[in-house]
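S.K.: Following this message is one structure expressed as structure tokens.
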Amino acid sequence: MKSIFEKLENIVGVDNASDSEYIRYCYSKTGDGVYQSMPDYVIRPKSTEEVSEIMQLANKEKVPVVPRGGGAGLFAGAVAHKGGIILDLTGMNKIIDINHENHYVTVECGITWAELNTELYKHGFYTGALGPGSGMSAVVGGGLSHNSVGGGGGAKYGSVCRHVMGLEVVLPQGDIINTGSLCSRFVEKPFSRYGFGPDYSGLFLGDNGIYGIKTRAVLNIYPKPPYHACKTFKLKSSNMKYGKRIFQEWIDKGGYGLYDGFYFPYFFVMGMNAMKPPTYEPWFKIKKTMIFYTTEALSEAELEANVEALDQIVIKNKGTELGPEIEDGNFAKFHYEDNGHWSFYHNVFGLPPGTQSLSTEAHCPISRFPEVIDVMDQFASKHQEEFTKIQELTGIPPGAGCGSVGLSGETNVELAIGFTTVIAPELRDLNLKLWKDQMDMVIKAGAMNYMLGWIASRQLVKSGAFTDQYYNFMKGIKKELDPNNILSPGKFMFEWEGS
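In numbering that gives the first Met the number 0, the protein residues as written are 0 to 498.
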């Protein structure tokens, strides 16, 4: 009788399956540095049909399956906490169709946001929202599973999920479905997400991989405007009210072509300088809170009008423009023209050796972001004794605060809240305790976690964020689609008898 591994090899081929310890170790953690668990098997399918066969086998053998893309998530969502199969989807990374006439692209969900947009740029298009800040390694499927925003274009386009036209999904028991217009056997080419009944694409967006495995996505694409301007300003005061006022007035006045708008608290500016970004020299001398924008336009006249209006709002709120070049401190230019929208996140999470930021990624209205960030001062004060212990043990002082504050669509901002600490085995339990309490405080401050993975999805339940009715609704859908609780088990603490 064949073993489970032999059956998996028969599905994907011997070159795309491994139970070797060193391979399994490589897939035992993601970007967070705290959680680690070895899968029993690592499988890399090359087609939707192979994914379907794997899910059918996993249900028959009662083996857990955790889908994984770039492994860039910060919340252990692609870790096999209960063993079983890690399903590496990066082998499914083809661009199927770029449709210039109807402005969409069909891709396999294992392609990275960087690979996709690099190809689209050649055709004069982009995806608008460019995925998460880890877009050089994060894949489309992962971004859609997390409601990703922050990797560029958030002010204009919001979350990547807003631009989904349809999905191909393998359900937990192996059935394959299409959502959007392609759910009809009479539609040959996708053209709309909405119609034919409920919006079932939305069921699989932001689901953190609990309801199905996204194998293909149809995304709206947009002509890249021919004109843009990038400006960075230092603010006279570190009081967050000025950043709030600027953001609010930009949006109130119609946006003026804003593609991105970011506010960097002083805490983050100093942290960034530790990584020596291209703006290091001028920023180190200035030592101020920063704000920057990128605006896009279809003509020079439109661009000039946008810049004049945006600048006036910043200057009125005690902002002083830095020079036009990156070496003058113009981070906005690095961000838009030099792929800084992705690479600066790699700098941030490449803190001095042995340290890492344990974050809580959340949205809140522009009007509330100062008070949500103030929660981190309360967190630091509450845990001063633990911070002192970490410093005594390692010689490195932890810090707590907010990183970038970015416009993220509608009247909201994305907050990269977190604390820096030393990642060491002897500090794991303490770091985990602090991380969970940080999340609890942010949740109870009324912010909206969007990137969840393992730890944040469970903390939402522990913190009592959901009403019983809502939680049972979520769980009921999960139980109906995945009666054996095979796919991403443990997220949102879903359990039931027999699973």
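We put the CB at the ideal spot given by N, CA and C, even for glycine. Bear in mind that the values here come from a model prediction, so they are computed numbers and not experimental data.
Measuring only the C-alpha atoms, how far is residue 88 from residue 123?
M.R.: Roughly 28 Å separates the two Cα atoms.
S.K.: By DSSP's criteria, residue 447 is part of a beta bridge. Which residues make up the other side?
M.R.: DSSP lists 362 as partners of residue 447.
S.K.: Determine the burial state of residue 13: buried for a count of at least 16 other Cβ atoms within 10 Å of its Cβ, exposed for fewer.
M.R.: Classification for residue 13: exposed.
S.K.: Can you tell me the Cα-Cα spacing of residue 216 and residue 94, whole angstroms?
M.R.: Approximately 10 Å between the Cα atoms of the pair.
S.K.: Is DSSP giving residue 373 helix, strand or coil here?
M.R.: If DSSP states are grouped into helix, strand and coil, residue 373 belongs with the helices.
S.K.: Can you give me the start and stop residues for the beta strand (DSSP E) that residue 43 sits inside?
M.R.: Taken as a continuous stretch (DSSP letters only), residue 43 belongs to no beta strand (DSSP E), as it is neither H nor E.
S.K.: Please work out which residues of its chain come closer than 6 Å, Cβ to Cβ, to residue 180, disregarding the five sequence neighbours upstream and downstream, and give them in chain order.
M.R.: The answer, listed in chain order, is 186, 189, 190, 191.
S.K.: Pull up the DSSP beta-bridge partners for residue 165, would you.
M.R.: DSSP lists 217 as partners of residue 165.
S.K.: Going by DSSP in three states, residue 15 sits in which element: helix, strand or coil?
M.R.: Of the three classes helix, strand and coil, the one that applies to residue 15 here is helix, per DSSP.
S.K.: Measure from the alpha carbon of residue 406 to the alpha carbon of each residue in 15, 259, 132, 11, then state which is nearest.
M.R.: Ranking the options by Cα distance to residue 406, first place goes to 259.
S.K.: Go to residue 395, then tell me how far its alpha helix (DSSP H) extends in each direction, as first and last residue.
M.R.: Where residue 395 is concerned, there is no enclosing alpha helix (DSSP H), given that its DSSP letter is neither H nor E.
S.K.: Starting from the Cα of residue 99, find the closest Cα among 22, 221, 23 and give me that residue.
M.R.: Answer by Cα proximity: 221.
S.K.: With residue 423 as the anchor, note down where its alpha helix (DSSP H) starts and where it stops.
M.R.: From DSSP, residue 423 is part of no alpha helix (DSSP H); its letter is neither H nor E.
S.K.: Locate the alpha helix (DSSP H) running through residue 230, then write down its first and last residues.
M.R.: It is not in any alpha helix (DSSP H) - residue 230 instead sits in the beta strand (DSSP E) that spans 226 to 234.
S.K.: From residue 26 to residue 72, what does the alpha carbon distance come to, in whole angstroms?
M.R.: Roughly 13 Å separates the two Cα atoms.
S.K.: Classify residue 238: buried if its beta carbon has 16 or more other beta carbons within 10 angstroms, exposed otherwise.
M.R.: Result: exposed.
S.K.: So, with DSSP's three-state summary, where would you put residue 116?
M.R.: Residue state, collapsed to three classes: helix.
S.K.: If you run the structure through DSSP and keep just helix, strand and coil, what is residue 187?
M.R.: Coil at residue 187, not helix or strand.
S.K.: Rounded to whole angstroms, how far is the Cβ of residue 363 from the Cβ of residue 414, which I believe are closer than 8 Å?
M.R.: Going by Cβ atoms, the distance from residue 363 to residue 414 rounds to 6 Å, so yes, they are a contact pair.
S.K.: According to DSSP, is residue 262 part of a helix, a strand, or is it coil?
M.R.: Looking at residue 262 - three-state DSSP - the assignment turns out to be strand.
S.K.: Note the first and the last residue of the continuous beta strand (DSSP E) segment covering residue 177.
M.R.: Where residue 177 is concerned, the enclosing beta strand (DSSP E) stretches over 175 to 177.
S.K.: Drop a sphere of 10 angstroms on the beta-carbon of residue 9, count the other beta-carbons inside from all chains shown, and report buried for 16 or more, exposed for fewer.
M.R.: So residue 9 counts as exposed.
S.K.: Drop a sphere of 10 angstroms on the beta-carbon of residue 275, count the other beta-carbons inside from all chains shown, and report buried for 16 or more, exposed for fewer.
M.R.: It is exposed - the Cβ of residue 275 has fewer than 16 other Cβ atoms within 10 Å.
S.K.: DSSP state of residue 204, grouped into three classes?
M.R.: In the structure shown, residue 204 sits in coil (DSSP, three-state: anything other than H, G, I, E or B).
S.K.: Please list the segments of the alpha helix (DSSP H) lying wholly inside the region 247 to 312, counting only runs of 4 or more residues, in order along the chain.
M.R.: The region 247 to 312 contains these whole alpha helix (DSSP H) runs: 265 to 273, 279 to 285.
S.K.: Please state whether the Cβ-Cβ distance between residue 333 and residue 277 is less than 7 Å.
M.R.: Against a cut-off of 7 Å, the Cβ pair of residue 277 and residue 333 comes out as a contact.
S.K.: Within a Cβ cutoff of 8 Å, which residues of the same chain sit near residue 309, ignoring the five residues on either side of it in sequence?
M.R.: Cβ neighbours of residue 309 beyond the five flanking positions: 230, 249, 255, 257, 292, 294.
S.K.: Cutting at 6 Å between CB atoms, please list the residues of its own chain near residue 176, excluding the five before and the five after it.
M.R.: 168.
S.K.: Starting from residue 94, trace the alpha helix (DSSP H) both ways and give me its first and last residue.
M.R.: Element bounds for residue 94: not the alpha helix (DSSP H) but the beta strand (DSSP E), 94 to 98.
S.K.: Spatial neighbours of residue 384 within its chain, please: CB distance less than 7 Å, with the 5 preceding and 5 following residues excluded, ordered by chain position.
M.R.: Around residue 384: no qualifying Cβ.
S.K.: Apply the 10 Å Cβ neighbour rule to residue 314 and answer buried if 16 or more other Cβ atoms are within range, or exposed otherwise.
M.R.: Result: exposed.
S.K.: In the DSSP assignment, find the beta strand (DSSP E) that holds residue 320 and state where it starts and stops.
M.R.: Residues 318 to 320.
S.K.: Give me the Cα-Cα distance between residue 396 and residue 166, rounded to the nearest whole angstrom.
M.R.: Spanning the two alpha carbons is a distance of roughly 46 Å.
S.K.: Spatial neighbours of residue 7 within its chain, please: C-beta separation below 8 Å, excluding the five flanking residues on both sides.
M.R.: So the qualifying residues of the chain are 16, 40, 42, 53, 56, 84.
S.K.: Using the beta-carbon count (16 or more within 10 Å), is residue 360 buried or exposed?
M.R.: Flag for residue 360 reads buried.
S.K.: Using CA coordinates, which residue listed in 144, 445, 429 is at the minimum distance from residue 382?
M.R.: When only C-alpha atoms are compared, the closest one is 429.
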